[in-house]
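The structure under discussion appears below in the form of structure tokens.
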DNA sequence: TTAGTGTTTTTTGCATACAATATTCAATCT
DNA sequence: AGATTGAATATTGTATGCAAAAAACACTAA
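Next comes the structure, spelled out in structure tokens:
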């Protein structure tokens, strides 16, 4: 009998996961410098696996590496969030189509359980719960598509996570009251095996959010022009977003 | 005056690039074990940056890591190639649409220069040249779309490279004679700023290749069933493709 | 004050060292 | 012979050490 899997997990993987969730959960904030010595002590590992984890996160664009200077938690621009939505529109559209084509009865049941007793009231608690379920739902949808590569891409690029980087309503672009019926229609389309409809609904869902986002961005821009210099030009801990490599 | 960029490039990046091109160029073949000591000596660096580079390549799925056993050059399955095409269909479709919307006159000229004097004869030399131009064309198309995230994803996941992993005609699925007119139509649609048409043509282009590929796979399968045990069950250097984690 | 300079302290990037685990291979037993 | 055990060897994963670069600090001169 061969012990195939080797359940050993390398340290850099653990550190990677830990660090990633710290970033996603905002325990490390955008612009923060990542002090290797500090973090590695905190995690009880040496700098070697931490370094490795950081390089992986760099590839995913969660952190920005500046040679000889260090790693910083990355700040996403509005444009990037918008791009993420644009990608999700087509990618999740595709996932929805495929999901509808290959969904099993059991999966359909699990799908229908989403948002079954959703609470669309306005208090923070409910919004948070809805937002969480929203994420779970979209993740499950991707999974249902059975598209390994796609799954991986969305995960590794945090495309979904990035989409929740809006500063209002727990990252939701539109109010649950507005999205709930869309979610329910989409669920039904997939569960009852209607690929064309599923894709159309999924895309519509994102297109609307994107439009809303775009509109907000325009408004914000207009406001900024109206009241230009909002205080002194602040100095950040973080280096200027010199994006490129 | 501040020396902003810091033109220093870390070793792991160099190693990463070097290694990647070795894999893409088949100097390291699928299934090969990557001997860290050997490679690091060959590159004149220690194992630390090599390790880092390998972990990055693992994330991109170019190599497979098995804890405590090592790194192996990954083997792509037909299914993965097919998935790559499916993704390219929608992603490049989107890129083509956006390209058509924002293309400048200069870019249009550069675009029209592609395949200008393409040679569609049957000899290996010509096929190779066409295949190379095909890659360059598609890369340029993505670039034109001006979609940073998308650009990055296609690059990092080697989605385009993977697509050329077919064993015939320098990785081309269909003969230049067949694809050349499609390329020309697509070029014209983008260059003359017709988003809808461009997207439609781009998708059609891939849909056809995908169909062709699918057909070949079916044929192959049929052949395999007709003549089942083709020799003894070979033993490979590589571990059995136990893909997942 | 502010700008500029030299010095100290931190931090990074990498090589190396070492323990833990795999692998190989020879010796032994059926 | 073929299977099984156990030592010898190789390889991996990680910690540590160190030189070079960057940042922080202190001091001087305008």
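Chains as they are written, first to last, in our numbering: chain A, 2 to 246; chain B, 2 to 246. Backbone N, C-alpha and C define an ideal beta-carbon position, used for all residues, glycine too.
Using a cut-off of 8 Å between C-beta atoms, extract the partners of residue i located in chain A.
| i | result |
| --- | --- |
| residue 31(B) | Correct list: empty, because the minimum Cβ distance to chain A is about 17 Å. |
Use the C-beta contact count for residue i: other C-beta atoms within 10 angstroms, 16 or more gives buried, fewer gives exposed.
| i | result |
| --- | --- |
| residue 114(A) | exposed |
| residue 105(A) | exposed |
| residue 22(B) | exposed |
| residue 9(B) | exposed |
| residue 135(A) | buried |
| residue 66(B) | buried |
| residue 13(B) | buried |
| residue 188(B) | buried |
| residue 164(B) | buried |
| residue 227(B) | exposed |
| residue 221(A) | exposed |
| residue 111(B) | exposed |
| residue 143(A) | buried |
| residue 40(B) | buried |
| residue 223(B) | exposed |
Under a CB-based cut-off of 8 Å, is residue i close to chain A?
| i | result |
| --- | --- |
| residue 65(B) | no |
| residue 34(B) | no |
| residue 190(B) | no |
| residue 13(B) | yes |
| residue 25(B) | no |
| residue 237(B) | Residue placement at residue 237(B) cannot be trusted, given a pLDDT of 32 that sits under 50; the coordinates are not used to answer. |
Look at the Cβ atom of residue i, then the Cβ atom of residue j, and state whether they are nearer than 8 Å.
| i | j | result |
| --- | --- | --- |
| residue 100(B) | residue 191(B) | yes |
| residue 55(B) | residue 46(B) | no |
| residue 77(B) | residue 35(B) | no |
| residue 74(B) | residue 145(B) | no |
| residue 43(A) | residue 204(A) | no |
| residue 20(B) | residue 58(B) | yes |
| residue 128(A) | residue 173(A) | yes |
| residue 37(B) | residue 27(B) | no |
| residue 81(B) | residue 211(B) | no |
| residue 11(B) | residue 68(A) | yes |
| residue 150(A) | residue 85(B) | yes |
| residue 116(B) | residue 176(B) | no |
| residue 317(A) | residue 156(A) | There is no way to answer for residue 317(A), as the model of chain A reaches only from 2 to 246. |
| residue 216(B) | residue 60(A) | no |
| residue 158(B) | residue 154(A) | yes |
| residue 120(B) | residue 130(B) | yes |
| residue 208(B) | residue 98(B) | no |
| residue 1(A) | residue 196(A) | Chain A is shown only over 2 to 246; residue 1(A) falls outside these bounds and no answer can be derived. |
| residue 202(B) | residue 186(B) | yes |
Taking C-beta pairs closer than 7 Å, name the residues in chain A that residue i reaches, listed in chain order.
| i | result |
| --- | --- |
| residue 91(B) | 91 and 95 |
Should residue i be flagged as near chain B, meaning a C-beta pair shorter than 8 Å?
| i | result |
| --- | --- |
| residue 151(A) | yes |
| residue 60(A) | yes |
| residue 88(A) | yes |
| residue 1(A) | Nothing about residue 1(A) can be read from this structure; chain A reaches only from 2 to 246. |
List, in order along the chain, the chain B residues whose C-beta lies closer than 9 Å to that of residue i?
| i | result |
| --- | --- |
| residue 9(A) | 68 and 69 |
| residue 85(A) | 150 |
Using a C-beta to C-beta distance shorter than 7 Å, which residues of chain B count as neighbours of residue i?
| i | result |
| --- | --- |
| residue 57(A) | 56, 57 and 60 |
For a contact meaning CB atoms closer than 9 Å, what does residue i contact in chain A?
| i | result |
| --- | --- |
| residue 81(B) | 149 and 150 |
For a test of your reading of the model: does the CB of residue i fall under 7 Å from any non-hydrogen atom of the ligand ZN? Yes or no.
| i | result |
| --- | --- |
| residue 114(B) | This structure does not include the ligand ZN; it has no bound ligands of any sort. |
| request: Check distances from the C-beta atoms of the stretch 93-125 of chain A to those of chain B and list, in chain order, the residues that come in under 7 Å. | output: 95
| said: By the 9 Å beta-carbon criterion, what residues does the stretch 136-161 of chain B contribute toward chain A? | reply: 148, 149, 150, 151, 153, 154, 157, 158 and 160
| message | Output needed in chain order: residues of the stretch 194-217 of chain A with a Cβ under 8 Å from some Cβ in chain B. | response | none
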